[in-house]
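Reading through the structure tokens given below for one structure.
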Amino acid sequence: MNAGIDTGDTAWMLIATALVLMMTPALGLFYAGLVRSKNTLNTFMMSIAAIAVATVTWAAVGYSLAFDGDGGIIGGLGNAFLSGVDFAPRQGGTIPELVFFAFQATFCIITVALISGAVVERMRFGAFLVFAALWSVLVYAVLAHWAFGGGWLMSNGTLDFAGGVPVEMGSGFSALAAALVVGARKEWGRQALLPHNAVYVLLGAGLLWFGWFGFNGGSGFGTGGPSVLAFTNTLLCPACTLVVWFALDLIRGRKVTAIGAATAIVVGCVAITPAGGYVSPGWAMLLGALAALPSYAIIVWRTRTRVDETLDVLAAHGTAGFFGILFIGFFAQADWNGVSDGLFYGNAAQLGDQALAALATPAYAFVMTFVLLKLIGAVMPLRASDREEATGMDVVQHGEEAYVTGEGAILLLPDDVGKAPVVPVADPG
Amino acid sequence: MKLVIGIVRPEQANQVLEALHRAEVRGFSMSRVQGHGGEVERVETYRGTTVQMGLSEKVRFEVAVSDSFVDKAVAAICEGGRTGEVGDGKIFVVPLDHAVRIRTGDTDEGAVTPVSR
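Following this line, the structure appears as structure tokens:
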């Protein structure tokens with residue numbers, strides 16, 4: 000065992016890493032339930048693709064650009080291809096850097112997967128893979144460096160416990176740009192495009208919440224006070240968001256909705272992400288309650304616009320992340336976090352540091368994603384044809400269906416595959 | 000009286016509904032069916048098992064109308080269902096012997112589109 004390694008911290012971080020990785024398939028389930036049945040697999044596969052692509056780019060250069068050195072804008076290439084990442088802890092850490100690397104990789108993965116919510120049901124799978132690879136390096140690694148890796152926001156004093164900057168605002172505002180570049184689904188605004196399975200949505204949200212205990216609880220990188228505080232705040236904050244969301248649903252529609260509840264869980268978890276280890280349990284509960292308001296308002300407003308940011312990544316992640324980052328500036332408490340007070344405890348400067356992150360992150364994420372997708376779009380089509388979109392992305396992109404019955408399916412023996420159809424095609428005339 | 004049966008693509012079903020509504024056809028039923036027309040075969044693969052999907056999802060509209068409304072109903076289904084590619088479906092018009100509105104006991108022309116009251 001290397002000097003400086005704490006076995007308890009390491010044990011927890013191994014588990015936390017696995018919990019966060021599980022959040023990505025959970026997100027896939029959540030998203031899959033929100034789309035129409037003909038796009039179930041494609042939507043789920045975008046999350047699985049994020050695990051594939053972002054893990055490789057993270058190991059190649061992403062981790063190094065985020066965490067090697069303390070350049071203002073971006074890190075170095077000293078850890079590219081896992082160079083020097085081994086059993087020794089990073090400076091100041093108590094866990095092997097290999098675990099730290101894996102934990103951070105799972106954050107990059109889910110952030111890439113989150114953006115898919117803006118473009119589901121029409122973006123070509125191949126174009127999404129290219130986008131995922133480039134975005135994970137050019138946007139995620141840079142924002143992670145700013146907030147976690149010693150970049151300018153971190154050295155300036157911005158507090159971001161578990162990823163309000165790179166994960167939540169990074170995905171939310173990138174999603175808005177992606178929705179604008181890729182364009183709306185062809186029936187958007189003319190037909191009701193409804194979620195096909197609300198049970199998936201609730202189960203996905205529940206599993207996301209479960210995984211989020213690793214996401215926030217692991218972001219103290221050990222078993223000390225910050226991790227414990229963030230862990231418990233991850234229970235308290237989303238519960239309060241749920242209660243307020245129920246009330247808003249009751250006021251607006253006289254009924255508490257299931258998909259609203261699933262959304263509220265995500266919004267509450269997002270809001271506590273940046274603030275988890277910095278605010279007291281009491282303030283975390285207030286944060287959860289208040290965070291429901293702007294996200295709810297944006298969801299109501301967004302569906303009246305022409306912007307088809309399909310699964311409301313901006314409302315759930317961008318907005319609640321923005322809110323959580325600013326909340327730290329008001330209610331951070333050195334008595335609880337041992338780091339800094341917010342405005343409410345006499346340190347107005349902290350609010351300024353938080354506001355800086357809340358302005359710079361959306362601007363960078365939006366502009367970079369917009370330009371990146373325009374460039375990819377110049378090389379390859381970003382979206383499926385109208386005909387393919389109507390047929391459904393599952394059959395067109397993957398040659399599979401989520402709810403196949405087997406009726407009318409003719410088994411092709413290996414010799415037949417690739418030959419002309421067995422059943423003669425009738426004369427279209 | 001005729002029964003107009005329109006079998007269309009599921010993704011066109013909403014357009015057909017709108018077209019029927021615009022044509023003031025009131026009262027119809029729809030069901031999900033599977034069928035085979037002249038579509039190009041879909042080949043799907045599940046863990047090495049490759050299959051050719053001989054049946055496609057379709058939506059079947061059944062509209063009972065008086066003789067004067069047959070052309071309107073057929074035109075509406077055509078308008079809503081057409082994409083111009085193989086697989087748009089078919090319309091069948093068949094004679095209808097008798098119709099009863101259960102609530103009132105109205106029969107025949109009084110029980111189908113156009114609705115008189």
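Residue numbers (numbering that gives the first Met the number 0), protein chains in the order written: chain A, 0 to 428; chain B, 0 to 116. Note that beta-carbon positions come from the ideal geometry of N, C-alpha and C, so glycine has one too.
Check: Identified DSSP bridge partners for A/LEU410; Outcome: B/VAL50
Check: Within 8 Å, strictly: CB atoms of A/LEU313 and A/ILE297; Outcome: yes
Check: Residue environment, A/GLY280, which counts as buried when at least 16 other CB atoms sit within 10 Å; Outcome: Per the sequence shown, residue 280 of chain A should be read as Pro rather than Gly. Answer is exposed; the Cβ neighbour count stays below 16.
Check: Beta-bridge pairing of B/SER55 - partner residues as DSSP gives them; Outcome: B/GLY34
Check: Near-chain A residues of the stretch 39–52 of chain B (beta-carbon distance less than 8 Å), N- to C-terminal order; Outcome: VAL39, GLU40, ARG41, VAL42, GLU43, THR44, TYR45, THR48, THR49, VAL50, GLN51 and MET52
Check: Assigned secondary structure, B/LEU2 (DSSP; H/G/I helix, E/B strand, else coil); Outcome: strand
Check: Residues, ordered as in the chain, of the stretch 66–89 of chain B that lie near chain A by beta-carbon distance below 8 Å; Outcome: THR82, GLU84 and VAL85
Check: Spatial neighbours of A/ALA315 in its chain, beta-carbon cut-off 7 Å, leaving aside the 5 residues before and after; Outcome: THR262, VAL265, VAL266, VAL269 and SER294
Check: Sub-8 Å separation of A/ARG382 and A/ARG121 beta-carbons; Outcome: yes
Check: Residues within the stretch 83–94 of chain A neighbouring chain B, beta-carbon criterion of under 8 Å; Outcome: none
Check: CB contact check: B/VAL15 to chain A, cutoff 8 Å; Outcome: no
Check: Proximity to B/VAL24 [Cα-Cα], best of B/ALA72, B/MET52 and B/GLY47; Outcome: B/ALA72
Check: At least 3 beta-carbon pairs within less than 8 Å: the stretch 31–50 of chain A vs the stretch 108–122 of chain A; Outcome: yes
Check: Supposed contact pair B/VAL92 and B/VAL7 - C-beta distance, whole angstroms, cut 8 Å; Outcome: With 8 Å as the limit, B/VAL7 and B/VAL92 do not qualify as a contact, their Cβ atoms being about 15 Å apart.
Check: Distance, A/MET12 Cα to A/PHE99 Cα; Outcome: 8 Å
Check: Option in A/GLU167, A/VAL60 and A/VAL52 with minimal Cα separation from A/ALA140; Outcome: A/VAL60
Check: C-beta neighbour in chain B for A/ALA51, strict 8 Å; Outcome: no
Check: Chain A within 8 Å of B/LEU19, Cβ atoms only; Outcome: no
Check: Within-8 Å CB hit, B/VAL61 to chain A; Outcome: One point to set straight first is that residue 61 of chain B is Glu, not Val, in the sequence displayed. With 8 Å as the cut-off, B/GLU61 does not count as an interface residue toward chain A.
Check: Sub-8 Å separation of A/ASN215 and A/ALA161 beta-carbons; Outcome: yes
Check: Cutoff 8 Å: A/ILE47 Cβ touching any chain B Cβ; Outcome: no
Check: Contact set between A/LEU192 and chain B, taken where Cβ atoms lie within less than 8 Å; Outcome: Within 8 Å Cβ-Cβ: nothing; A/LEU192 doesn't reach chain B, min ~10 Å.
Check: Helix, strand or coil at A/GLU167 according to DSSP, with G and I counted as helix; Outcome: helix
Check: A/SER226 (DSSP reduced to helix, strand or coil); Outcome: helix
Check: CB contact below 8 Å: B/ARG116 versus chain A; Outcome: Caution is warranted here: a pLDDT of 44 is assigned to B/ARG116, below 50, making its placement in the model unreliable, and no coordinate value can be reported.
Check: Other residues of its chain near A/ARG305: CB distance less than 7 Å, five sequence neighbours each side excluded; Outcome: ALA183 and GLY188
Check: Check whether A/ALA260 and A/LEU241 have beta carbons under 8 Å apart; Outcome: yes
Check: C-beta neighbour in chain B for A/ARG184, strict 8 Å; Outcome: no
Check: Proximity to B/THR112 [Cα-Cα], best of B/GLN11, B/HIS20 and B/GLY34; Outcome: B/HIS20
Check: Three-state secondary structure (DSSP) of A/ILE324; Outcome: helix
Check: Chain B within 8 Å of A/ILE297, Cβ atoms only; Outcome: no
Check: Start-to-end residues for the alpha helix (DSSP H) that takes in A/THR157; Outcome: A/THR157 -> no alpha helix (DSSP H), and no H or E assigned at all.
Check: Contact with chain B by A/ALA408, beta-carbon distance below 8 Å; Outcome: yes
Check: Endpoints, the alpha helix (DSSP H) within which A/THR262 is located; Outcome: 257–274
Check: Segment contact flag, the stretch 375–390 of chain A with the stretch 122–136 of chain A, C-beta cutoff 8 Å, min 3 pairs; Outcome: yes
Check: Beta-bridge partners of A/PHE80, as assigned by DSSP; Outcome: DSSP, once it has assigned bridges, lists no residue as partnering A/PHE80.
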